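Participant:
Protein chains in written order, with the working numbering: chain A, 41 to 546; chain B, 59 to 560; chain C, 5 to 106.
Here is the structure:
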């Protein structure tokens with residue numbers, strides 16, 4: 041049983057925000073950096089704490105650590121209600137780990153105007169912890185936006201090529217997605233008759249009186265479209281590679297690794313239990329869109345990339361396809377697989393963006409054709425990169441393996457044809473992943489790289505870069521070898537509710 | 059005539075009910091006296107006296123917050139003191155305080171007599187407060203004209219060629235809309251008092267009586283023309299499409315504090331009138347009012363947002379963005395009949411709009427040079443570097459106007475959307491979503507001009523006018539606004555409960 | 005003596021109102037636009053008096069005084085603006101007042 045004298049979830053959310061505020065109020069740089077360690081470290085420690093104690097914590101309405109705070113809008117059914125269930129716990133932990141790694145990487149990066157950079161990143165971290173700890177779906181949305189705004193600003197100020205265009209495109213696409221999902225959430229609020237954004241209350245009301253089938257279809261469609269844009273479903277994915285290509289590494293790590301999971305998490309936590317008929321109605325279009333668009337089309341587009349960072353961006357779009365497939369499959373197994381995959385992909389894509397930036401700092405280019413032979417000069421970097429690539433492909437021993445495997449097993453029941461196509465996607469990701477690793481690290485050095493290496497002597501990863509990478513890799517392997525650490529809680533939450541409901545409607 | 063009748067009538071004139079308005083009028087007169095008594099120093103004394111007086115009156119209104127006259131008719135039914143009226147009183151007082159704060163900055167750049175400016179602002183504010191509580195078409199018309207005529211003078215206050223041109227345009231458009239509204243009122247008066255019709259009334263301009271008459275005659279031809287004319291007149295005041303043509307020119311030409319006054323207070327006046335009229339008096343003509351409001355809301359949302367996209371002058375930009383905000387508010391008004399929470403949502407939106415707008419206008423007043431009409435986006439280059447405080451306030455204000463969480467503007471939009479969804483206005487909601495996405499583009503462009511463009515590369519020769527330093531009072535006011543924009547986004551606290559109470 | 009019906013009054017005032025309205029929209033000279041605005045107010049006044057007579061209530065007649073006051077204030081402010089503008093531009097033609105453009 042947890043014995044903290046304070047609410048761990050509330051502190052995990054507001055510690056980074058408080059540090060950001062302190063930095064904004066003009067703290068000197070030395071203290072800012074020291075305090076930033078606290079701002080990123082505290083959420084990680086608290087996340088690990090709740091992970092450890094989750095099994096023994098008291099559960100109310102299926103949530104552990106449940107607390108609620110009034111924000112003056114009780115008569116509208118809005119209040120800050122925090123708690124964790126088996127679905128949100130893994131993602132809360134993910135946010136803690138990736139946030140800490142991204143924070144460490146940002147602190148050592150020595151970016152221009154580091155104070156403001158850290159401040160924005162801390163706001164993002166606070167928002168992320170809030171997204172997954174919120175039981176109230178209004179605050180779930182609210183914290184997502186809180187984390188999203190710093191992304192736009194960081195792309196606009198610290199971004200690479202085309203940062204103005206990328207920032208603008210990112211803003212407009214993601215605002216559209218967010219607005220559509222907001223309307224979907226409002227629709228749930230009004231149509232359910234609960235007049236509350238509290239997920240527990242919504243569940244109770246809808247369990248007593250399910251929504252009409254057409255209403256469910258419409259709301260699910262709206263949510264799937266809105267959340268889909270946020271998760272980069274094909275063909276509304278174009279913001280993702282562009283935005284990640286331009287984003288500074290820590291922002292890309294947090295966005296691609298954690299924030300993007302918001303849409304999937306919303307579908308699993310909100311849409312599936314509340315709108316089972318909507319899922320049945322949309323599951324086939326969704327599955328075909330995901331397998332043909334995200335997995336196959338984007339898979340081939342990824343193979344064609346000549347730019348390392350773009351390639352990582354596209355590969356993350358592709359992997360989101362598997363997540364949609366798991367959701368479309370709808371069974372406990374599929375949804376559980378999606379949650380595992382979300383955690384695994386979050387860790388591995390964050391690691392990938394981190395290493396890509398480290399590669400860039402040594403080669404001064406993202407162009408695959410101009411690289412080669414980095415392994416001799418930076419063996420640790422190349423070992424980590426190869427490990428991250430294996431994780432991305434989904435080799436056993438990494439968390440991704442369990443996620444993809446369970447999704448495929450669940451998908452076979454749903455549609456064998458789609459499963460075969462989806463498995464073909466694994467081959468595609470093996471092709472581009474291994475080819476990129478080979479191009480960058482092995483083989484002879486290209487003349488261009490030799491020239492750059494002569495101008496800027498290449499060194500291996502420093503410890504300040506190694507540490508965040510090792511944290512991410514360790515988490516990936518820990519879950520890879522011991523998936524039960526997450527799946528026990530997950531099963532407990534998933535097995536009674538969605539399975540029963542989805543099964544009943546089928 | 060029996061003298062006792064007059065006595066009864068006079069006994070219903072409860073002057074205590076309008077103490078704040080009387081005090082405002084008195085303060086306005088005191089300012090003129092100050093000018094006479096201190097001919098040399100009045101330039102410094104007058105703004106301070108105005109602000110102190112306004113803050114005192116605001117304090118008094120807040121202190122007596124549940125007014126003793128609540129839900130009571132005074133002055134023989136000319137006034138009805140509702141909860142909404144109390145909310146709007148506080149709104150207009152807050153707005154007047156901010157207008158005066160901004161005016162201190164802007165007027166310092168001109169060589170002009172200052173007393174009249176503050177005098178008129180006070181008188182107009184008093185009229186707005188009366189209008190928010192009016193319960194009779196005569197008082198409504200007279201109060202509205204006091205507001206409008208005061209604003210004609212304020213718009214052309216600088217007496218330069220540009221402000222006079224703006225003033226003339228505003229005058230012609232304002233007088234036209236007043237005449238339309240007046241003719242509508244006359245028709246309603248004539249029809250509702252007609253002895254040949256059922257439920258005709260002697261008090262045919264009293265809101266309650268008029269509503270009762272309209273409920274008894276739900277398809278009268280002349281009455282429906284009257285209603286459309288009155289709505290058109292109000293639509294002019296709030297800048298709803300197709301009556302928005304004056305907005306960009308007048309907003310550009312008017313002095314910055316007056317632009318703020320127009321954008322916030324004058325628009326709020328229109329919405330209080332619309333809530334009182336469309337929401338309650340004309341309720342039985344929903345077959346007519348609902349489509350008209352839907353048309354206004356849809357076209358205003360689309361026009362405001364798309365027209366703002368191409369603007370480079372920030373005053374025109376904020377004017378057209380104000381048109382789009384009118385569209386969001388109209389969406390709320392359209393929802394009132396079927397979703398009662400829309401009223402609270404509209405009040406919340408108005409307060410959110412007040413806070414964010416004055417934050418932006420406050421920054422504009424500091425960035426503007428002596429030529430007040432010439433305020434381009436380019437003038438904001440490097441603001442984040444030179445004046446981080448102003449840039450931060452600007453970003454928060456614009457972010458809130460754009461409706462970005464966690465700022466208060468988002469909450470306003472959320473409440474309006476919930477109300478609109480409850481009322482089943484799905485088509486309008488879709489247009490509103492498009493509007494939000496488009497609006498992000500131009501607000502973002504402004505923030506970009508202040509932040510992104512020059513970070514990294516330095517500007518050699520400043521192409522922008524001299525930026526005014528921030529003094530204590532303005533600094534305090536702007537910080538308070540910025541803080542409120544953030545805090546109210548996180549925690550609505552008693553404000554949310556107060557605004558959504560009946 | 006012939007008494008005009010209410011309809012006649014309303015029609016006359018509506019026609020006056022329409023003349024004023026289109027005058028504002030069509031005429032290019034500011035002064036004439038201004039006169040048209042006043043015509044619209046006067047048209048309303050005429051209808052008001054007629055209605056007041058037929059309805060047998062005094063409200064309309066009293067309202068006329070308020071309208072006259074308002075109109076006087078409007079004229080005072082309006083003419084002041086027009087005169088000041090004429091001093092700076094030496095013209096009162098609407099189409100030449102187009103300096104406020106993006």
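Note that beta-carbon positions come from the ideal geometry of N, C-alpha and C, so glycine has one too.
Bear in mind that the values here come from a model prediction, so they are computed numbers and not experimental data.
To the nearest angstrom, report how far apart residue 418 of chain B and residue 452 of chain B are at their CA atoms.
Facilitator: Straight-line Cα distance between these residues: approximately 5 Å.
Participant: Using only CA atoms, which one of A:201, A:262 and A:251 lies nearest to residue 556 of chain A?
Facilitator: The first residue shown for chain A is 41 and the last is 546, placing residue 556 of chain A beyond what the model contains.
Participant: Considering residue 628 of chain A, what are the terminal residues of the beta strand (DSSP E) in which it resides?
Facilitator: Examination of residue 628 of chain A is not possible in this model, given that chain A is present from 41 through 546 alone.
Participant: Of the residues A:352, A:353, A:150 and A:379, which one's Cα is nearest the Cα of residue 362 of chain A?
Facilitator: Ranking the options by Cα distance to residue 362 of chain A, first place goes to A:379.
Participant: Are the stretch 258-278 of chain A and the stretch 147-165 of chain A touching by the rule of at least three beta carbon pairs closer than 8 Å?
Facilitator: Too few Cβ pairs lie closer than 8 Å, so no.
Participant: Just mark residue 484 of chain B as buried or exposed, buried being the case when its beta carbon has 16 or more other beta carbons within 10 Å.
Facilitator: When all chains shown are included, residue 484 of chain B counts as exposed.
Participant: What's the C-alpha gap between residue 66 of chain C and residue 482 of chain B?
Facilitator: Those two C-alpha atoms are separated by around 44 Å.
Participant: I'd like to check one pair, residue 284 of chain B with residue 245 of chain B: are the Cβ atoms closer than 8 Å?
Facilitator: Closer than 8 Å, so yes.
Participant: What residue range does the beta strand (DSSP E) around residue 139 of chain B cover?
Facilitator: Segment 137-139, the beta strand (DSSP E) holding residue 139 of chain B.
Participant: What does the alpha-carbon distance come out to for the pair residue 33 of chain C and residue 43 of chain C?
Facilitator: Whole-angstrom Cα-Cα distance: 15 Å.
Participant: Taking residue 267 of chain A as the reference, give the member of A:254, A:213 and A:247 with the closest Cα.
Facilitator: Nearest C-alpha to residue 267 of chain A: A:213.
Participant: Over the uninterrupted alpha helix (DSSP H) stretch that includes residue 72 of chain A, give me the two end residues.
Facilitator: Residues 69-93.
Participant: Would you say residue 343 of chain B and residue 276 of chain B are within 8 Å of each other, going by their C-beta atoms?
Facilitator: Taking 8 Å as the Cβ cut-off, residue 343 of chain B and residue 276 of chain B qualify as a contacting pair.
Participant: With 8 Å as the threshold, decide whether the Cβ of residue 185 of chain A is near any Cβ in chain B.
Facilitator: Residue 185 of chain A counts as touching chain B.
Participant: Pick helix, strand or coil for residue 144 of chain B, following the three-state DSSP scheme.
Facilitator: In the structure shown, residue 144 of chain B sits in a helix (DSSP, three-state: H, G or I).
Participant: Would you please verify whether the beta carbon of residue 307 of chain B is less than 8 Å from any beta carbon of chain C?
Facilitator: Yes, contact with chain C.
Participant: How do the stretch 504-513 of chain A and the stretch 136-154 of chain A stand: do at least 3 beta-carbon pairs fall below 8 Å, yes or no?
Facilitator: As far as the Cβ criterion goes, the stretch 504-513 of chain A touches the stretch 136-154 of chain A, which means the pair count is three or higher.
Participant: By how many angstroms is the C-alpha of residue 348 of chain A removed from the C-alpha of residue 413 of chain A?
Facilitator: Approximately 15 Å between the Cα atoms of the pair.
Participant: Closest to residue 235 of chain B by C-alpha separation, out of B:296, B:194 and B:279, would be which residue?
Facilitator: The option with the nearest alpha carbon to residue 235 of chain B is B:296.
Participant: Using a Cβ-Cβ cut-off of 6 Å (strictly less than) and excluding sequence neighbours within five positions of residue 473 of chain B, which residues of its own chain qualify?
Facilitator: Counting only Cβ-Cβ distances below 6 Å, and skipping sequence neighbours, we find 403 and 406.
Participant: Along the beta strand (DSSP E) that carries residue 130 of chain B, what are the first and last residues, could you check?
Facilitator: First-last of the beta strand (DSSP E) with residue 130 of chain B: 130-132.
Participant: Which residues of chain C have a Cβ atom closer than 7 Å to the Cβ of residue 222 of chain B, listed in chain order?
Facilitator: What residue 222 of chain B touches in chain C: 85, 88, 89 and 92.
Participant: Is residue 12 of chain C helix, strand or coil by DSSP?
Facilitator: Note: residue 12 of chain C maps to helix in three-state DSSP.
Participant: Name the residue from A:91, A:509 and A:168 whose alpha carbon lies nearest to the alpha carbon of residue 399 of chain A.
Facilitator: Closest by alpha carbon: A:509.
Participant: Please decide whether residue 112 of chain C counts as near chain B, where near means a Cβ-Cβ distance under 8 Å.
Facilitator: The structure shown does not extend to residue 112 of chain C, since chain C is modelled only from 5 through 106, so no value can be given for it.
Participant: Look up residue 100 of chain A in the DSSP assignment and give the residues it is bridged to.
Facilitator: BP columns for residue 100 of chain A point to A:103.
Participant: Sort out for me which residues DSSP pairs residue 174 of chain A with in a bridge.
Facilitator: Answer by DSSP bridge pairing, in chain order: A:122.
Participant: Where does residue 521 of chain B land, buried or exposed, given buried means 16+ other C-beta within 10 angstroms?
Facilitator: It is exposed - the Cβ of residue 521 of chain B has fewer than 16 other Cβ atoms within 10 Å.
Participant: Can you give the Cα-Cα distance for residue 197 of chain A and residue 167 of chain A, rounded to whole angstroms?
Facilitator: Roughly 20 Å separates the two Cα atoms.
Participant: State the DSSP-derived secondary structure class of residue 109 of chain A, mapped to helix, strand or coil.
Facilitator: Of the three classes helix, strand and coil, the one that applies to residue 109 of chain A here is strand, per DSSP.
Participant: Is it true that the CB of residue 38 of chain C sits closer than 8 Å to the CB of residue 86 of chain C?
Facilitator: Taking 8 Å as the Cβ cut-off, residue 86 of chain C and residue 38 of chain C qualify as a contacting pair.
Participant: If you measure between the beta carbons of residue 501 of chain A and residue 418 of chain A, is that distance less than 8 Å?
Facilitator: Their beta carbons are under 8 Å apart, which means residue 501 of chain A touches residue 418 of chain A by this criterion.
Participant: So which residues of chain B does residue 439 of chain A contact, with C-beta pairs closer than 9 Å?
Facilitator: Neighbours of residue 439 of chain A on chain B: none; closest Cβ ~32 Å, over 9 Å.
Participant: So if I threshold CB-CB distances at 7 Å, which residues from the stretch 225-258 of chain B count as touching chain C?
Facilitator: Those would be 225, 226, 229, 230, 233, 234, 237, 240, 241, 244, 247, 248, 251, 252 and 253, in chain order.
Participant: Can you check whether the CB of residue 466 of chain B is closer than 8 Å to the CB of residue 388 of chain B?
Facilitator: Not in contact: residue 388 of chain B and residue 466 of chain B (Cβ atoms no closer than 8 Å).
Participant: Whole alpha helix (DSSP H) runs in the stretch 289-377 of chain B with 4 or more residues, listed along the chain?
Facilitator: Here the runs fully enclosed are 305-311, 314-319, 325-332 and 344-366.
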